[in-house]
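All remarks here apply to the structure that follows.
Residue numbers (the numbering used here): 434 to 635.
Here it is, written out as structure tokens:
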């Protein structure tokens, strides 16, 4: 619950300081391996997220959920649709909430979609490039992330935005997510601003 409050505050603050896009990892495809009681608790917490997300409309935040949502309980799917529809016209920060999301799963789905289009004669395989591939991802039409913040003392991607993070800058911290606050966000942004991004060039 503390983590949920952190998410709500950080999302609102990011919007206030002009962040254009923000993606938070709420539930991964691997989280289903946890004990049933823990999964049930996480789902109930996400219901609270979803109910609060309606308030983002008042703050001009556009909310989108990325991941395979088809396996979620029906009431959650309905709340997700409501949240996305309510905030569709917002012009402030675009907030992605990754639910039942996995980077490898996302890539496999994109490959499957391209294969199906090619098989149906709708696509020449020779024309497939990064832009066509990116257009089949959950984040289609969005810029790749500039900065990835990894709290909790971990030094891995954890199957998160694998394709999109190819040239992202990383900021690692021992701070646990429930303790993460606005000051830490600004520290990450300041660290990002001090780096030179060459994208493989000179």
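All residues carry an ideal CB built from backbone N, CA and C; glycine is no exception.
Which listed residue (the options) has its alpha carbon closest to that of residue i
i: residue 456; options: 633, 575, 589 and 586; result: 575
i: residue 445; options: 434, 459 and 493; result: 493
i: residue 475; options: 557, 515 and 460; result: 460
i: residue 479; options: 613, 520, 548 and 508; result: 508
i: residue 489; options: 626, 548, 528 and 550; result: 528
i: residue 600; options: 581, 562 and 588; result: 581
i: residue 491; options: 520, 515 and 471; result: 520
i: residue 440; options: 588, 615 and 495; result: 615
i: residue 586; options: 442, 622, 613 and 594; result: 613
i: residue 573; options: 624, 596 and 452; result: 596
Close Cβ partners of residue i (< 7 Å) along its chain, the five nearest in sequence each way excluded
i: residue 513; result: 483, 498 and 502
i: residue 500; result: 531, 532, 533, 534 and 571
i: residue 617; result: 606 and 608
i: residue 523; result: 490, 493, 494 and 495
C-beta atoms of residue i and residue j nearer than 7 Å
i: residue 610; j: residue 584; result: yes
i: residue 435; j: residue 481; result: no
i: residue 545; j: residue 448; result: no
i: residue 454; j: residue 536; result: no
i: residue 551; j: residue 558; result: yes
Same chain, Cβ closer than 6 Å to residue i, neighbours up to 5 away in sequence not counted
i: residue 630; result: none
Same chain, Cβ closer than 8 Å to residue i, five either side skipped, listed in chain order
i: residue 560; result: none
i: residue 506; result: 476
Buried or exposed (CB count within 10 angstroms, at least 16 for buried), residue i
i: residue 496; result: buried
i: residue 578; result: buried
i: residue 443; result: buried
i: residue 504; result: exposed
**Study point:** Cβ pair count under 8 Å reaching 3, the stretch 560 to 571 against the stretch 535 to 545
**Key:** Taking one beta carbon from each stretch, the stretch 560 to 571 and the stretch 535 to 545 have 3 or more pairs nearer than 8 Å; the two touch.
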